[in-house]
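One structure below.
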Amino acid sequence: MKSAVLEDAKKIAIKELPKPELQSHKILVRVKYCGICTLEQRLYRGDMKIFYPIVPGHEAAGEVVEIGEKSGTAFKPGDKVALDMVYRCNVCYHCRTGQSNLCEHRFNRSITPLGGFSEYVLVRPSQVHLIEGDLSLKEAAFTEPVACCIRSLKKIDIKIAEDVLIVGAGPMGLMHLQVARTMGARVFISDINDERLEMAAELGADRVINPSSEDVEKELKMATGGRGVDACVVTSPAIPALSSAFASIKKGGRVNIYTAYMQEKPELPIDLNTLHRSEILVTGTEGRTEIDFQQSARLLSFGRINVKPLISKIVGFDDIEEGIVAASSPDTQRVLLGME
145 MKSAVLEDAK
155 KIAIKELPKP
165 ELQSHKILVR
175 VKYCGICTLE
185 QRLYRGDMKI
195 FYPIVPGHEA
205 AGEVVEIGEK
215 SGTAFKPGDK
225 VALDMVYRCN
235 VCYHCRTGQS
245 NLCEHRFNRS
255 ITPLGGFSEY
265 VLVRPSQVHL
275 IEGDLSLKEA
285 AFTEPVACCI
295 RSLKKIDIKI
305 AEDVLIVGAG
315 PMGLMHLQVA
325 RTMGARVFIS
335 DINDERLEMA
345 AELGADRVIN
355 PSSEDVEKEL
365 KMATGGRGVD
375 ACVVTSPAIP
385 ALSSAFASIK
395 KGGRVNIYTA
405 YMQEKPELPI
415 DLNTLHRSEI
425 LVTGTEGRTE
435 IDFQQSARLL
445 SFGRINVKPL
455 ISKIVGFDDI
465 EEGIVAASSP
475 DTQRVLLGME
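If you count the sequence shown from 1, you need to add 144 to reach my numbering.
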């Protein structure tokens with residue numbers, strides 16, 4: 145089978161690897177599409193390292209090929225599925241206390257983490273989520289990132305009729321926008337890219353704001369009776385984005401710093417006494433749990449989240465490096481590796 149193997153930073157090779165042999169407790173899946181996420185971009189650039197060599201890819205979707213006789217599942221060959229490609233041990237403290245997204249062993253070399261940039265993967269039944277209805281496998285490849293957005297918004301306890309600011313209208317910002325709307329929130333979104341804001345408006349944003357030409361804090365205070373928003377998710381690593389979030393939050397509000405800072409690592413732009421007296425809660429989120437993943441698969445299957453506009457480009461194995469570079473561009477939403 146073909147696989148894209150990252151051998152070192154900025155060194156990726158397309159190799160013929162042995163097709164996994166079916167095991168009695170596992171499921172063999174033919175991968176059709178896998179998203180090129182920021183994780184893969186960071187691994188490629190060398191900003192982040194798990195180990196080398198590694199087959200990247202964790203936003204995968206495909207079809208069931210074979211099912212192990214002891215897998216104990218209702219899956220059948222031909223089923224459309226989304227794959228949870230980040231391993232969970234299910235025995236560490238975090239796994240056993242409902243925080244499997246923080247599993248202590250999720251990137252261990254011995255358990256082959258990731259792997260979605262391969263034509264076939266052998267996975268545990270718990271990693272396989274059924275895609276129902278007419279959802280395409282291209283769209284199903286967004287199950288993992290949508291699950292991360294679900295986890296993110298749960299973490300700041302979004303409630304019906306609350307005001308939420310999403311900072312950044314890239315792919316994660318636009319998925320956060322749609323998930324927040326399914327939770328009943330009024331959603332504001334800010335970005336300096338007008339094309340991205342146009343897409344945000346088309347996907348249901350109640351108000352789009354460009355901080356290059358508008359005062360985000362002023363606009364949000366006017367829209368919320370002077371209070372500020374109930375909650376905010378920062379999806380952009382731009383330093384001004386962080387300041388905008390804290391300037392726009394109300395007393396008793398919640399801020400989730402969803403993005404990672406790989407280059408410049410800013411300090412919180414808020415006085416600790418303000419944090420104390422205004423009871424502002426600050427958190428981050430890492431990945432998603434199995435529950436979030438299942439909910440994502442269902443939301444997408446039911447048509448509640450529209451990811452079609454987020455597919456900017458589909459590349460094959462021969463163009464994988466071009467795809468990774470394109471995925472890093474601010475003019476791009478999501479690039480998929482296609483293996484149809």
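Glycine included, every Cβ here is placed at the ideal spot set by N, Cα and C. This one's a predicted model, so the numbers in the text were calculated from it and none came from an experiment.
Rounded Cβ spacing between residue i and residue j (contact assumed at less than 8 angstroms)
i: PHE251; j: CYS178; result: The Cβ separation is near 18 angstroms, so there is no contact.
i: GLY314; j: SER380; result: 7 angstroms
i: ILE156; j: ILE464; result: 6 angstroms
i: LEU281; j: LYS224; result: 6 angstroms
Rounded straight-line distance, which links the Cα of residue j to that of residue i
i: TYR402; j: SER296; result: 7 angstroms
i: ALA471; j: LEU318; result: 15 angstroms
i: LYS170; j: LYS146; result: 21 angstroms
i: LYS176; j: GLY460; result: 11 angstroms
i: SER334; j: ILE353; result: 5 angstroms
i: LEU321; j: ARG330; result: 9 angstroms
i: ILE304; j: ILE294; result: 15 angstroms
i: THR241; j: ASN337; result: 40 angstroms
i: GLU276; j: PRO164; result: 26 angstroms
i: TYR196; j: MET229; result: 17 angstroms
i: ARG340; j: LEU166; result: 44 angstroms
i: PHE437; j: GLU408; result: 31 angstroms
i: HIS420; j: LEU386; result: 18 angstroms
i: GLU213; j: ILE300; result: 42 angstroms
i: ILE302; j: LYS395; result: 15 angstroms
i: ARG174; j: LEU274; result: 14 angstroms
CA nearest to the CA of residue i, picked from the options
i: ILE414; options: ILE424, VAL265, LEU161; result: ILE424
i: GLY222; options: ALA205, ARG232, TYR231, LEU150; result: ALA205
i: MET192; options: ALA153, THR429, VAL199, ILE158; result: ALA153
i: ILE158; options: ARG325, ILE393, ILE198, GLN167; result: ILE198
i: ASP350; options: SER280, GLU339, PHE332; result: PHE332
i: ARG371; options: GLU363, VAL323, ILE300; result: GLU363
i: GLU430; options: ILE156, GLN167, LEU183; result: LEU183
i: THR217; options: PRO257, GLN271, VAL308; result: GLN271
i: VAL360; options: ILE310, GLY397, GLU306, GLU342; result: ILE310
i: HIS202; options: CYS292, GLU160, VAL209; result: CYS292
i: PRO200; options: GLU151, ASN234, VAL469, GLU207; result: GLU151
Beta-carbon contacts of residue i that lie in its chain and below 7 angstroms, excluding the five residues immediately before and after
i: HIS238; result: SER244, LEU246, CYS247, GLU248
i: LYS452; result: GLU283
i: SER215; result: HIS169, LYS170, ILE171, PRO269
i: GLY490; result: Nothing in the structure corresponds to residue 490, since the chain is present only between 145 and 484.
i: VAL290; result: MET319, VAL323, SER440, LEU443, LEU444, ILE449
Range of the contiguous alpha helix (DSSP H) that encloses residue i
i: TYR188; result: 182-189
i: GLY467; result: 464-471
i: ILE294; result: 287-299
i: ASP374; result: Per DSSP, ASP374 belongs to no alpha helix (DSSP H); it is in the beta strand (DSSP E), 373-378.
Same chain, Cβ closer than 6 angstroms to residue i, neighbours up to 5 away in sequence not counted
i: ALA404; result: none
i: CYS102; result: Here the chain covers residues 145 to 484 and nothing more, so residue 102 does not appear.
i: VAL426; result: VAL399
Limits of the beta strand (DSSP E) - the one that residue i falls within
i: ASN400; result: 393-401
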